[in-house]
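Undergrad: Starting off with a structure, shown below.
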Amino acid sequence: MRDVAPEPPAPCKARAVGFIRLPPAAIVRVREGGVLEVARHAALAAVARTSELLPYCDTAAVLSADLHTNIFDEGVDLVADVEGPSGAGVDAKALTAVAVAALSLHDLLKTHATSGPPIRIGGIRLSG
């Protein structure tokens with residue numbers, strides 16, 4: 000006899016990337032510490048609340064989520080990894096995490112961007 004019961008859905012992962020370009024004075028603040036951890040907390044909170052922001056986003060639970068950052072001379076690269084029990088909504092949650100992390104950094108660092116190039120957020124997309 001064969002088992003014809005449906006198999007549970009396989010976990011699905013999504014990775015989103017983006018960047019925030021910052022003037023030198025803001026980069027100094029980033030390197031001093033603290034602001035990246037605030038952005039990480041904001042990103043993880045956004046993952047949990049994505050379905051409140053996007054009306055048709057799946058409300059499925061998240062198995063894991065994290066935000067990784069890489070500081071360089073012109074700004075910060077942001078990478079969000081999200082894993083869910085199915086593919087529903089995982090990509091939107093990863094994209095939301097990156098967007099909210101970038102917005103959080105903008106809000107925290109805008110007072111240090113009075114000289115030099117303006118703060119720019121960009122490149123937000125799914126990766127790999």
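Oh and the sequence shown: position 42 is 41 in numbering that gives the first Met the number 0, straight run, nothing missing.
All C-beta atoms, glycine included, are put in the ideal place defined by N, C-alpha and C.
Using beta-carbon positions only, say whether Val99 and Ala47 come within less than 8 Å of one another.
TA: No; because the gap between Cβ atoms is not below 8 Å, this pair is not in contact.
Undergrad: Can you tell me whether Ser103 is buried or exposed? The criterion is at least 16 other CB atoms within 10 Å of its CB, across all chains shown.
TA: The residue in question, Ser103, is buried, as its Cβ has 16 or more Cβ neighbours within 10 Å.
Undergrad: For the candidate residues Pro84, Pro5 and Leu53, whose alpha-carbon lies nearest to that of Ala59?
TA: Among Pro84, Pro5 and Leu53, the Cα nearest to that of Ala59 is on Pro84.
Undergrad: Out of Arg28, Leu77 and Val81, which one is the CA nearest neighbour of Ser63?
TA: That would be Val81, whose Cα lies nearest to the Cα of Ser63.
Undergrad: Is the beta carbon of Val29 closer than 8 Å to that of Leu35?
TA: Their beta carbons are under 8 Å apart, which means Leu35 touches Val29 by this criterion.
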